[in-house]
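Chains as they are written, first to last, in our numbering: chain A, 509 to 874; chain E, 3 to 406.
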C-alpha cells in the first residue's frame with residue numbers, strides 16, 4: 509500500500525476533474541430555477557464541511573484507507589460488512605457515471621453506435637490506466653486539467669465576445685424565496701458532486717504530505733464549485749431558465765451559440781471532449797476506490813482485480829436501467845435516500861468513535 | 003508452450019485493436035454521401051395528413067466550386083410532407099440521393115399562414131434534434147408561401163440561404179430594425195408571459211422565373227429576396243406586422259439597434275438627418291403596486307449629424323442642443339408608436355411583464371393571469387437622452403453663406 513506517494517498538485521487536478529466530471533455538462537441544481545448557481549455554491553460549502561470530517565479521519569489514520577479504519581473502529585465483522593457495502597457503493601457510482609457518460613455521448617453525437625460499445629471503450633481505457641497504477645491516473649489528470657481549463661477559458665471568452673450573454677435572465681434572485689434553493693441543496697447539490705468526495709478517503713493514503721494534503725483537496729473542491737457555479741450562470745444567462753431546465757446537457761446548446769463573424773462557430777464538439785474527459789476521471793476514481801477497497805479487504809493483489817472489476821462496472825452500468833430517463837430518475841432518488849447514509853452518517857459515526865477513543869486513551873506515538 | 007501462447011496473444015491483440023477502432027465508424031457518413039441543407043421552409047399543407055410541408059434547400063457542392071460544374075443551379079429544393087416535422091423530413095429523403103445533413107441550416111422560413119395558426123409545434127424538433135444548431139435564423143414569409151423565399155436566385159453568393167443571412171446582418175448593422183432572431187430566441191419568446199416573439203419577415207419582390215439562373219442575367223433581377231417588416235406574435239400566433247416607426251421603436255426597446263438613420267423636421271420640407279448609434283436601453287418597472295406599475299424606458303444614445311442642407315448655424319452649441327432635443331422627441335414618438343402597436347395587438351412582446359417580475363416577483367405572481375389588462379392601461383414613461391457628438395466633416399452648410 510503505502511509505498512506509492514503522489515504529489516499535491518496532481519491531487520489538486522484530480523479533485524478538480526473529478527468534481528467537474530459529469531456535473532459540468534448536466535443541468536445541475538435546476539430544481540431551484542434561476543438560483544441554481546447559488547444552490548451549487550451552498551452545496552459546495554456543505555460539501556466542504558462534510559469533507560472536513562473525512563480530513564479529520566485521514567489525519568487520525570494517515571496510512572489507512574476508509575475500509576481499513578472502518579474495521580479498526582467497528583470491529584472485524586461489522587466492519588467487514590460495512591466495507592463491502594462501501595465497495596459496492598463505489599462500484600455502483602462508477603457504473604452510474606459510465607452510464608451517464610455513455611448515454612450522453614449517444615444522445616449528443618453518436619446516435620447509432622450501441623451504448624455497450626461506447627461504455628466498453630470507456631471502461632477499457634480506464635482499466636488500462638488503473639492497471640498502470642493510481643499515480644499514473646493522477647499524473648494524467650494534470651495533463652487533462654490543463655486542457656479542460658484551456659477549453660473553458662476559450663469557450664467563456666468567446667461567449668462573451670459573441671454577445672449572447674444576457675444577465676437579466678438571472679434576475680430576480682430568490683424569486684420564490686430561499687426554500688427552493690435549500691431544498692435543491694438538500695436533495696442534490698451537497699451530494700452531487702461534492703459528497704462523492706467520500707471515495708477520496710480511499711486514495712488519500714497515497715498523499716505525500718499529511719499536513720497540506722487535505723487542504724489541497726479542499727481547495728480543489730472549492731475551485732471546482734466556483735467553476736460549476738460560473739458555468740451555470742453562463743448557461744442560464746445565455747439560454748434562459750426554461751431551456752436549461754429542459755436540456756440534459758445544457759452546456760452544449762450554450763456553447764453552440766458561439767458565433768464570431770461566421771468564422772468561429774460550432775465549437776460544441778469541445779464540450780463533448782470535456783464530457784469524455786470528465787467521465788473518464790470520475791469513473792476511474794470510483795473504480796480505483798473500489799479496487800483499493802477490494803485488494804485491502806480480501807488481500808488480493810490490486811492488478812489482478814482490474815479487469816474483473818471493469819466487467820462488473822460495465823455490466824452494472826448497462827443493466828441498471830432501461831432508458832436514460834429511468835437512470836436519471838433513479839439517480840435523483842439515490843442522492844437523497846441512500847447516499848447520505850454512506851457519505852454523511854457512517855463517516856459521522858466513525859468520527860465520533862475516533863474522537864471518543866483518542867480522548868479516552870493516551871495519545872500514541874506516531 | 004510458452005512461445006505458442008505468446009504468439010496467440012500477439013496475433014489476437016492487433017485484431018482486437020482494429021475491431022475496437024472500427025467502432026468509431028458506426029455513425030460515419032462520408033462527405034460524398036452527405037447533402038448539406040442550407041435552408042428549410044415550412045408551409046401549411048392542405049390536410050392534417052400532410053400538415054407540414056417542408057422544403058429543403060440543398061447545396062450542390064459540385065456546382066459551387068469544382069471542375070464538375072455543369073452550369074446548373076447551385077442549390078436544389080426538395081419537398082416532403084407529413085403529420086409531424088420529422089415525418090416530413092424522412093419523407094423528403096425519398097427524393098434525395100444523399101443524406102440530408104441538418105447541421106448547417108442557416109435559415110428557417112415559416113409561411114405567414116402557418117404562423118397565424120401557431121408555430122409552437124414546429125419549434126420542438128429544432129430544439130431537440132442534436133444535429134441542428136440553435137443559431138439558425140428564423141423568418142416569416144410575408145404573405146407568400148415560404149417555399150418562394152427558398153426558390154429565389156440571389157446575386158451575391160450562390161447559396162440563397164446564405165445571401166438571406168447576409169442581408170439580415172447587413173440591414174441590422176446599417177439601417178434597420180431587423181435583428182438576429184435565432185431558434186432559442188423564438189422558444190423563449192413564445193413563453194414570455196403575456197407576450198410572444200418578434201420574428202423577421204422576408205418576401206420576394208418580383209415576378210416569375212425567380213428560381214432560374216436567368217433571373218440574374220439582367221441588371222435588374224427579375225426577383226429580389228428582401229428582409230421586411232417585423233412579425234409580432236402573441237404566444238405562438240402571428241398577430242400583425244410592424245413597420246416603420248413601430249418597428250424601429252420595438253427594436254429600440256429590445257435594445258437590438260446597432261445604428262439607425264433618423265430624420266428630424268425643422269420646418270416645412272426642411273430636414274436634418276442623423277445617424278443614431280451606441281444605443282443603451284434600460285427598462286425599469288416601478289411595481290410596488292403590481293396592479294398599477296409604472297414602466298420607464300431609459301434610452302441613452304449618441305448621434306452624428308449626417309445631412310443638413312439649410313442655413314442652420316451648426317457652430318453654435320445651442321443650435322446643436324436644440325437639434326438633439328428634437329431628435330429625442332423623434333425617438334420618443336417612435337417608442338410611443340411601438341407601445342401603442344403592442345397594445346393594439348394585445349401582446350406584451352416588449353417584455354414589460356418581465357421587468358415587473360424582476361422588480362417585484364411576488365406581486366408579479368398575483369397579476370400574471372390578468373397581465374393583459376394591466377399592460378393595456380399601465381403608465382409608460384420614456385426617458386431619452388441623446389447627445390449629438392459631431393457634425394462630421396463640415397460644420398455649416400454652404401447654404402449658410404447664401405443667406406448672409
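Quick reminder that beta carbons are idealized off the backbone N, C-alpha and C, glycines included.
- The three-state reading of DSSP puts residue 298/E in strand, counting E and B together.
- CA-CA distance, residue 353/E to residue 855/A, rounds to 51 Å.
- With respect to chain E, the C-beta atom of residue 767/A has a partner C-beta closer than 9 Å.
- The beta carbon of residue 277/E lies closer than 8 Å to those of 261, 262, 263, 264, 305, 306 and 308 in the same chain, with the five residues before and after it left out.
- Contact of residue 539/A with chain E is not assigned, every C-beta pair being separated by 9 Å or more.
- In this structure, residue 575/A sits away from residue 28/E, with a CB-CB distance that is not shorter than 9 Å.
- Nearest Cα to residue 400/E within the set 102/E, 310/E and 143/E: 310/E.
- Measuring C-alpha to C-alpha distances from residue 811/A to each of 750/A, 798/A and 682/A identifies 798/A as the nearest.
- Contacts with chain A (Cβ-Cβ distance below 7 Å) from the segment 19-47 of chain E involve 22, 25, 28 and 29, listed in chain order.
- Residue ranges of uninterrupted alpha helix (DSSP H) with 4 or more members, entirely inside the segment 682-723 of chain A and ordered along the chain, are 687-692 and 708-711.
- One Cα belongs to residue 286/E, the other to residue 514/A, and the distance between them is close to 56 Å.
- With a cutoff of 9 Å on beta-carbon distance, residue 748/A and residue 360/E are scored as not near each other.
- Taking a contact as a CB-CB distance under 8 Å, the pair residue 746/A and residue 765/A counts as one, their CB atoms being some 6 Å apart.
- If you draw a straight line from the Cα of residue 375/E to the Cα of residue 338/E, it is about 18 Å long.
- For the segment 614-634 of chain A, the beta-carbon criterion of a distance under 9 Å to any beta-carbon of chain E is satisfied by 615, 616, 617, 618, 619, 620, 621, 622, 625, 626, 628, 629 and 632.
- Taken in chain order, the complete alpha helix (DSSP H) segments of 4 or more residues contained in the segment 615-691 of chain A are 623-640 and 642-670.
- Cβ-Cβ distances below 7 Å link residue 843/A to 695, 696, 699 and 700 in the same chain, with the five nearest sequence neighbours on each side left out; the list follows chain order.
- If you check the CB distance, residue 251/E and residue 343/E come in under 9 Å.
- Take residue 35/E, set aside five residues on each side of it, and the residues of its chain with a beta-carbon closer than 8 Å to its own are 100 and 101, in chain order.
- A distance below 6 Å between beta-carbons, with the five flanking residues on each side excluded, links residue 79/E to the following residues of its chain, in chain order: 57, 59, 152 and 153.
- Across the structure, residue 641/A and residue 863/A are spaced so that their CA atoms are roughly 33 Å apart.
- Cβ-Cβ separation between residue 384/E and residue 350/E: approximately 17 Å, too far for a contact (criterion under 8 Å).
- In the DSSP annotation of this structure, the continuous segment of the beta strand (DSSP E) that includes residue 272/E starts and ends at 272-288.
- Proximity of residue 170/E to chain A, defined by a Cβ-Cβ separation below 9 Å, is not satisfied.
- Annotated three-state conformation of residue 262/E is strand, per DSSP.
- Under DSSP, the beta-bridge partners assigned to residue 143/E are 113/E and 204/E.
- Cβ proximity to chain A below 7 Å picks out 359, 360 and 363 from the segment 350-375 of chain E.
- Here the alpha carbons of residue 656/A and residue 778/A stand approximately 9 Å from one another.
- Residue 571/A is positioned such that its CB atom lies no closer than 9 Å to that of residue 736/A.
- Each of 524/A, 549/A and 522/A was checked against the Cα of residue 741/A, and the nearest Cα belongs to 549/A.
- Under DSSP, residue 233/E takes part in a beta bridge, and its partners are 201/E and 243/E.
- By the C-beta density criterion, residue 135/E is buried, having at least 16 other C-beta atoms within 10 angstroms.
- When the five nearest sequence neighbours on each side are left out, the beta carbons in the same chain lying within less than 8 Å of the beta carbon of residue 793/A are those of 522, 526, 645, 707, 708 and 711, in order along the chain.
- Out of 239/E, 120/E, 314/E and 247/E, the CA that lies nearest to the CA of residue 269/E is found in 314/E.
- Counted as a single uninterrupted DSSP element, the stretch harbouring residue 196/E is not any beta strand (DSSP E), since DSSP gives it neither H nor E.
- The contact set of residue 830/A on chain E, defined by CB atoms closer than 8 Å, is empty, because the minimum CB distance reaches about 20 Å.
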